[in-house]
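A.B. asks: Structure in structure tokens, see below.
In our numbering, the protein residues as written are 21 to 419.
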């Protein structure tokens with residue numbers, strides 16, 4: 021009975037035998053590059069070499085990719101030098117390339133590069149003409165296969181995130197001989213709908229599967245769109261000329277849907293936030309306006325005729341009272357001074373002296389008589405406090 025071996029043992033044995041075979045060491049393999057994938061972090065290149073009837077997996081590690089004098093592309097015919105080895109984990113036979121050179125530069129790659137240069141020269145890929153993607157689209161056009169998984173992925177995302185959007189599907193054949201015409205017509209029809217945004221989508225596939233999106237007809241249909249376009253063709257590592265012409269590229273159809281529509285809950289929260297800020301702003305403005313109105317009212321009242329008259333009346337009354345007080349004070353002061361002067365005058369009044377029993381004796385000339393001016397027989401007048409007498413001097417005696 022044959023011995024039983026594990027998968028690991030078998031793969032290890034086959035790997036050993038391949039490494040022992042000198043015919044499989046430093047072997048040159050001619051073929052066309054397909055399914056090219058560049059691992060940007062490590063720098064390794066993974067691809068498939070194929071001819072009309074077979075294909076061979078290949079890898080070129082970063083230590084050898086640095087020596088390349090050209091940029092490998094899908095469709096390019098090359099001669100790769102390396103060792104045939106077994107990738108034991110997957111049981112896959114592959115060519116581990118040490119060097120690689122183009123053979124006639126690969127017709128498909130050349131044609132693609134020439135078309136890319138031609139379209140770029142006339143501004144088809146210019147960043148200056150890219151249209152902005154609307155943040156909240158009401159209508160969405162989708163150009164894709166009506167039976168593909170890409171359509172269902174997009175619809176699921178839109179239904180979950182933004183169910184209020186209206187979706188229009190413009191069906192297209194996305195692979196094969198008739199794909200370029202079908203896609204271009206579908207894009208033109210979708211553009212006529214006047215939707216807010218358009219998604220052009222296709223699931224993953226080989227480079228050959230995606231070639232329709234590298235045709236001039238499809239690229240120009242995207243370029244001529246009035247509707248903003250999001251391109252989501254293939255997987256994240258796939259890039260087509262349609263992606264360059266679109267206004268935005270998405271790595272997958274689902275990602276395109278996420279770019280195209282917002283999350284409704286986020287919109288609601290955003291609206292609530294705007295509502296709160298608007299209310300606060302309005303309340304502040306109203307409060308400021310009320311304060312300004314109150315200040316203006318106070319200033320107007322201060323300058324109003326009635327208030328000015330009232331203030332003038334108050335000042336007039338105050339002045340009247342002050343004047344009255346000053347007049348009374350002055351009157352009292354003057355009365356007091358007059359009384360004092362009157363008392364002084366009264367004290368000097370001769371009549372006051374006469375009232376105390378004295379009399380004034382005057383001669384005929386009216387002068388007060390002294391002992392030197394009177395003699396017996398002179399006529400005199402005698403004035404008392406209440407009488408004036410005429411008399412004749414009978415006798416003069418000197419005291």
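Just so it is clear, CB atoms sit at the ideal spot from N, CA and C, and this is done for glycine as well.
Quick caveat, the model's predicted, so the values are computed rather than measured.
Ends of the beta strand (DSSP E) at residue 113?
C.D. replies: 112-122 is the extent of the beta strand (DSSP E) around residue 113.
A.B. asks: Check each candidate in 374, 72 and 109 and name the one with the smallest Cα separation from residue 54.
C.D. replies: Of the listed residues, the one whose Cα sits closest to residue 54 is 72.
A.B. asks: Three-state secondary structure (DSSP) at residue 324?
C.D. replies: Three-state DSSP puts residue 324 in coil, outside helix and strand.
A.B. asks: Using a Cβ-Cβ cut-off of 6 Å (strictly less than) and excluding sequence neighbours within five positions of residue 75, which residues of its own chain qualify?
C.D. replies: Cβ neighbours of residue 75 beyond the five flanking positions: 68.
A.B. asks: What is the rounded straight-line gap between the Cα of residue 190 and the Cα of residue 142?
C.D. replies: Cα to Cα, the separation comes out at about 28 Å.
A.B. asks: What separation, rounded to the nearest whole angstrom, lies between the Cα atoms of residue 406 and residue 383?
C.D. replies: Using only the alpha carbons, I get a separation of about 19 Å.
A.B. asks: Should residue 78 and residue 60 be called a contact, given that it needs their Cβ atoms to be closer than 9 Å?
C.D. replies: Result no, Cβ atoms of residue 78 and residue 60 do not sit closer than 9 Å.
A.B. asks: Within 10 angstroms of the Cβ of residue 149, are there 16 or more other Cβ atoms? Answer buried if so, exposed if not.
C.D. replies: Exposed, because fewer than 16 other Cβ atoms sit within 10 Å of the Cβ of residue 149.
A.B. asks: When the Cα of residue 161 is compared with those of 220, 262 and 123, which residue comes out closest?
C.D. replies: If we check each option's Cα against that of residue 161, 220 comes out closest.
A.B. asks: Give the DSSP-derived three-state secondary structure of residue 296 in the structure shown.
C.D. replies: Correct three-state label for residue 296: helix.
A.B. asks: For residue 256 and residue 42, what's the separation of their Cα atoms in angstroms?
C.D. replies: Using only the alpha carbons, I get a separation of about 39 Å.
A.B. asks: Whose C-alpha, out of 199, 320, 214 and 328, is nearest the C-alpha of residue 234?
C.D. replies: Closest option to residue 234, Cα to Cα, is 199.
A.B. asks: Per DSSP, which residues does residue 107 bridge with? Please list them.
C.D. replies: Answer is 112, bridged to residue 107.
A.B. asks: Can you give me the start and stop residues for the alpha helix (DSSP H) that residue 408 sits inside?
C.D. replies: Note, residue 408: premise wrong, no alpha helix (DSSP H); beta strand (DSSP E) at 408-412.
A.B. asks: Within 10 angstroms of its Cβ, does residue 126 collect 16 or more other Cβ (buried), or is it exposed?
C.D. replies: Here the model assigns residue 126 a pLDDT of 49, short of 50, so the residue's position is not dependable and the matter cannot be decided.
A.B. asks: So the alpha helix (DSSP H) residue 31 belongs to, where does it begin and stop?
C.D. replies: Element bounds for residue 31: 27-40.
A.B. asks: I'd like the ranges of any alpha helix (DSSP H) spanning at least 4 consecutive residues and lying wholly in the region 176-222.
C.D. replies: As far as the region 176-222 is concerned, its whole alpha helix (DSSP H) runs of at least 4 residues are 199-212.
A.B. asks: In three-state terms, what does DSSP make of residue 96?
C.D. replies: Of the three classes helix, strand and coil, the one that applies to residue 96 here is coil, per DSSP.
A.B. asks: What ranges does the beta strand (DSSP E) occupy inside the region 40-70, keeping only unbroken runs of at least 3 residues that lie completely in it?
C.D. replies: DSSP runs (the beta strand (DSSP E)) wholly in the region 40-70: 47-58 and 65-70.
A.B. asks: For the region 304-319 and the region 207-218, state whether three or more C-beta atom pairs, one from each stretch, are separated by less than 8 Å.
C.D. replies: Touching, no, given that fewer than three Cβ pairs across the two stretches are closer than 8 Å.
A.B. asks: If you reduce the DSSP assignment to three classes, tell me which class residue 269 lands in.
C.D. replies: If DSSP states are grouped into helix, strand and coil, residue 269 belongs with the strands.
A.B. asks: In whole angstroms, what is the alpha-carbon distance linking residue 168 and residue 223?
C.D. replies: So the alpha carbons of these two residues sit roughly 8 Å apart.
A.B. asks: To which residues does DSSP link residue 80 through a beta bridge?
C.D. replies: Answer by DSSP bridge pairing, in chain order: 65.
A.B. asks: In or out: residue 80 buried (at least 16 other Cβ within 10 Å) or exposed?
C.D. replies: Residue 80 should be labelled buried.
A.B. asks: Use the C-beta contact count for residue 95: other C-beta atoms within 10 angstroms, 16 or more gives buried, fewer gives exposed.
C.D. replies: Residue 95 should be labelled buried.
A.B. asks: Does the Cβ-Cβ distance between residue 163 and residue 185 come in under 9 Å?
C.D. replies: Not in contact: residue 163 and residue 185 (Cβ atoms no closer than 9 Å).
A.B. asks: Less than 9 Å between the C-beta atoms of residue 194 and residue 227, yes or no?
C.D. replies: No, these two residues do not count as a Cβ contact at 9 Å.
A.B. asks: With a threshold of 7 Å on Cβ separation, who are the neighbours of residue 411 within its own chain once the five nearest residues in sequence on each side are excluded?
C.D. replies: Correct list, in chain order: 400 and 402.
A.B. asks: So within the region 343-413, which uninterrupted alpha helix (DSSP H) runs reach at least 4 residues, ignoring any that extend past its ends?
C.D. replies: The qualifying runs are 370-374.
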